[in-house]
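With full-length UniProt numbering, you'll find the sequence shown wraps up at 707, consecutive numbering, no jumps. Inspection log for the structure reproduced underneath, given as structure tokens.
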Amino acid sequence: MDSDGTQDARGTHANPVPRPAGPPRMPAMPPRPPAPGVPPMPDGSAFLAWLRTPRPEAAPGVWRFGHKPRPEEEPEQIPTRQLLSGALIAFLCGWLVWSLLWNGYLGGWWVLPLELFTPDSWRHSDDRLGNAVLWYGYYTLIAFAIMIVVGRLGRWSEVWRRFGPPAWNRAAATPERPPVPEQDPAEWPQLRQAGAADAAERLAAEARAGLMRDVDHARITRAWQSVRSGRHSLATFTGAVLQEGAAACPHPSGERDLRTRLARHDLVTGQVRLGTTADDARNPYAYRGTGLGLDPDLLGTSLLAVGPPGSGKTGTVVRPLAEALCLHALAGRAAVVVVGAAGAGLGPADAYDVVVQIGNPESVYDLDLYGGTTDPDEAAAMLAEALVGDLAEPHQGGDTRRYRTALTQVLGPFRAVHGRFPSVRELRRLLDGPPHWLDALRKPLEESGQEALVHELDARVRQIGRADDAGEVLADRVALLDRPAFAGFFDTSGQSRPFSLKALDHPVRVRIDLPQRGHAEASRMLARLVLAQFSASVAVREDRSLFACLVLDDATGVVTPEAVRGIQRLRSGNAGVVLTLRTLDDVPRPLRGPLLGATGCRMALSGLTPWDGQDFAEVWGKEWIEARDVTDRQIIAETPAGKVLHAVRRVITGKAPTARAVTVRQVERERWSASELAHGVPPGHAVLSLTNVKGEHAPPLLVDLRG
Numbered sequence: 001m002d003s004d005g006t007q008d009a010r011g012t013h014a015n016p017v018p019r020p021a022g023p024p025r026m027p028a029m030p031p032r033p034p035a036p037g038v039p040p041m042p043d044g045s046a047f048l049a050w051l052r053t054p055r056p057e058a059a060p061g062v063w064r065f066g067h068k069p070r071p072e073e074e075p076e077q078i079p080t081r082q083l084l085s086g087a088l089i090a091f092l093c094g095w096l097v098w099s100l101l102w103n104g105y106l107g108g109w110w111v112l113p114l115e116l117f118t119p120d121s122w123r124h125s126d127d128r129l130g131n132a133v134l135w136y137g138y139y140t141l142i143a144f145a146i147m148i149v150v151g152r153l154g155r156w157s158e159v160w161r162r163f164g165p166p167a168w169n170r171a172a173a174t175p176e177r178p179p180v181p182e183q184d185p186a187e188w189p190q191l192r193q194a195g196a197a198d199a200a201e202r203l204a205a206e207a208r209a210g211l212m213r214d215v216d217h218a219r220i221t222r223a224w225q226s227v228r229s230g231r232h233s234l235a236t237f238t239g240a241v242l243q244e245g246a247a248a249c250p251h252p253s254g255e256r257d258l259r260t261r262l263a264r265h266d267l268v269t270g271q272v273r274l275g276t277t278a279d280d281a282r283n284p285y286a287y288r289g290t291g292l293g294l295d296p297d298l299l300g301t302s303l304l305a306v307g308p309p310g311s312g313k314t315g316t317v318v319r320p321l322a323e324a325l326c327l328h329a330l331a332g333r334a335a336v337v338v339v340g341a342a343g344a345g346l347g348p349a350d351a352y353d354v355v356v357q358i359g360n361p362e363s364v365y366d367l368d369l370y371g372g373t374t375d376p377d378e379a380a381a382m383l384a385e386a387l388v389g390d391l392a393e394p395h396q397g398g399d400t401r402r403y404r405t406a407l408t409q410v411l412g413p414f415r416a417v418h419g420r421f422p423s424v425r426e427l428r429r430l431l432d433g434p435p436h437w438l439d440a441l442r443k444p445l446e447e448s449g450q451e452a453l454v455h456e457l458d459a460r461v462r463q464i465g466r467a468d469d470a471g472e473v474l475a476d477r478v479a480l481l482d483r484p485a486f487a488g489f490f491d492t493s494g495q496s497r498p499f500s501l502k503a504l505d506h507p508v509r510v511r512i513d514l515p516q517r518g519h520a521e522a523s524r525m526l527a528r529l530v531l532a533q534f535s536a537s538v539a540v541r542e543d544r545s546l547f548a549c550l551v552l553d554d555a556t557g558v559v560t561p562e563a564v565r566g567i568q569r570l571r572s573g574n575a576g577v578v579l580t581l582r583t584l585d586d587v588p589r590p591l592r593g594p595l596l597g598a599t600g601c602r603m604a605l606s607g608l609t610p611w612d613g614q615d616f617a618e619v620w621g622k623e624w625i626e627a628r629d630v631t632d633r634q635i636i637a638e639t640p641a642g643k644v645l646h647a648v649r650r651v652i653t654g655k656a657p658t659a660r661a662v663t664v665r666q667v668e669r670e671r672w673s674a675s676e677l678a679h680g681v682p683p684g685h686a687v688l689s690l691t692n693v694k695g696e697h698a699p700p701l702l703v704d705l706r707g
């Protein structure tokens, strides 16, 4: 199939996605024979059970796999002891009333209705059978009326539901029967309805035989969506399925799954489970005790996680999300770029198609310093953001125009002369070197008649030596990359294998390792460069049905005014970023509010500082709650008997007699205060608010990330 790489055969795409960067895959081990006396596992039963598990619609962030919806508000639950004692007392009261009526202690008034509505001949007839039927029927009616009244007072219906046969049936629930073929997802009814019954039967047979995985199901579903959208023909899709079965429409790498999984995933809904919402009074009742699941609809609004070292940002947030996005990429749904320090534990190399290890001479891939663009203005904008974006004053709008202009004045002429952009060392010389480096470009430009580029060079020459020369600042920053450790990187001569973020048009999995040890400032520059290139690349993608996500394990020094503006634009391009910070102090004060406003999902992990908590408390706002004020007032006895009674009560209880007054009022308070965020979040927990791309949101939730 001629596609964007999600349905092509291996090696047939005109611009194939790079193959996995890990070691070559070894042949699969043959299945181990079952132990004597142990029955073999039923083929495909586990996959079919997983596929048929209900996934009802739920609020944002609720783990939908097997979810049982709960009411929005907590129902009034009567304590068991109070319920049973009330039912027993009501029964005894009803028995007492019936005994008094039966024995005539309450007089004969209760037979008046019978005398008013029946003739005397019925009540005084010689027919013993008729009299018995009449009088005992009336007694039964009275007893039934007493039972109804007593049952309502004693809440017998609640006792029946909680301890009777309905509770027994719930405890001994029988497994659900397989759905009918028209509603069975394992039978691919959507393919049958569209006339691809042969393909549906082939896929159903492979699912029953245990040859299909969750990634296969998601990948083929994605390919079917491309058929429904008209991008590919039904005949091509059917032919591929009939020929390859569950292995049809493969990822360009040929991989059908990750070798290891640490998190729990549900590729039908696209969710990854990060933990469990705590059963806490501060959480809405509908969320308490439910699983927490994130999907591309939530990550499309971007996620910011803030917590000190050791709070679990990498292990409980970044690693599961990176793993989930890699699975989505194998299913043809997403492209992911994961950036972090070398050895940060962001997943094995064989989980990625491309691994760029900057500073490691054994790295197979290099990083394109100019993002794969051929436009000098675009390259200058991205490079200026990486080099000096953190120097821009946020209160002045984060203007880096003079730095972009200086870069454009050298990048354009150099590319026109050499047909490529300069290397790191060449760029440093052009920005800070003697004028003859620029004069070497002038003559070829004059000979080719490119007067506009000659004027660019003249403008750059006039800036050299001035106190406000932007070239000196840029050259100092470029010098951080012109180090022996990076000698083999950022090559522009075509001798290396540079990776460009222009490849995000394909379902590619990329990991970029930054050399933070010994090169912290250079690592922050490279992280800003990747973020700038990511924002520029996703904005010009032709196929935006592929979700693109950038995961930055440590965003220290990355948040700039231009970066915040880029994050705000990602949602419209079906893209998002995941940022983690040790503290909001790593972000300039004027940018903290805009950053929290630009990200739809915000997470505060345990151990947060009170001043960081204050920023989260402000962005989460306030809510109206019902406050109860209880006042105890001492009762003063006026009579001698009352004084004696109060004295006896004080001797017995040790307290003076009081009257309690309760005042209920509506007050406005913070959803989570700075003090609660700093001191009330247990270890291994986080407070998380969510917003999806449709605008639906969840309030701040206390989540156990270890569950």
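Yeah, the Cβ is synthetic: ideal placement off N, Cα and C, and Gly gets one too. Keep in mind that this is a model prediction, so the values were computed, not measured.
With a contact defined as Cβ atoms closer than 8 angstroms, residue 384 and residue 373 miss out at about 14 angstroms.
In chain order, 705 place their CB closer than 6 angstroms to the CB of residue 316, counting only its own chain and leaving out the 5 sequence neighbours on each side. Distance between residue 339 and residue 356, taken at the CA atoms: about 10 angstroms. With respect to residue 291, residue 319 sits apart: the two C-beta atoms are not nearer than 8 angstroms. Excluding the 5 residues flanking it on each side, residue 94 has same chain C-beta neighbours closer than 7 angstroms at 146, 147, 150, in chain order. Within 10 angstroms of the beta-carbon of residue 64 lie 16 or more other beta-carbons, which makes it buried.
Under the 10 Å beta carbon count, residue 332 is surrounded by 16 or more other beta carbons and is classified as buried. At the C-beta level, residue 343 and residue 485 stay beyond 8 angstroms of one another. Using a Cβ distance threshold of 8 angstroms, residue 579 and residue 617 do not count as a contacting pair. Among the bridge pairs identified by DSSP, residue 306 is matched with 581, 604. In the three-state reduction of the DSSP assignment, residue 418 falls in the helix class, which pools H, G and I. Contact between residue 563 and residue 531 holds, since their C-beta atoms are separated by about 6 angstroms, short of 8 angstroms. The beta carbon of residue 614 is closer than 7 angstroms to those of 674 in its chain, skipping five residues each way along the sequence. Contact between the stretch 655-666 and the stretch 594-608 is absent: fewer than three C-beta pairs spanning the two stretches fall below 8 angstroms.
In summary, residue 89 is exposed, with fewer than 16 beta-carbon neighbours lying within 10 Å of its beta-carbon over all protein chains present. The beta strand (DSSP E) runs of length 3 or more contained entirely in the stretch 470-534 are, from start to end of the chain, 509-514.
In this structure, DSSP gives residue 694 a state outside helix and strand, which the three-state scheme calls coil. Counting the other CB atoms within 10 Å of its CB gives residue 156 a total of 16 or more, which places it among the buried residues.
In terms of Cα proximity to residue 62, the closest of 294, 323, 525, 454 is 294.
For residue 620, the enclosing alpha helix (DSSP H) covers residues 610-620. Taking 8 angstroms as the cut-off, the beta carbon of residue 371 is found no closer than this to the beta carbon of residue 693.
Bounds of the beta strand (DSSP E) holding residue 354 are 354-357.
DSSP, read as helix, strand or coil, puts residue 673 in coil. DSSP places residue 455 inside the alpha helix (DSSP H), whose first and last residues are 451-463. Inclusion of residue 275 and residue 314 in the CB contact set at 8 angstroms is not warranted, their separation being larger than that value. Three or more beta-carbon pairs separated by less than 8 angstroms link the stretch 42-51 to the stretch 208-222, which places the two stretches in contact.
Per DSSP, reduced to three states, the secondary structure at residue 385 is helical. For residue 286 and residue 202, the gap between their C-alpha atoms comes out near 41 angstroms. Annotation note: the stretch 542-598 contains the following uninterrupted alpha helix (DSSP H) runs of length 4 or greater, listed N- to C-terminal: 561-570, 589-598. CA-to-CA, the gap between residue 428 and residue 550 works out to about 29 angstroms.
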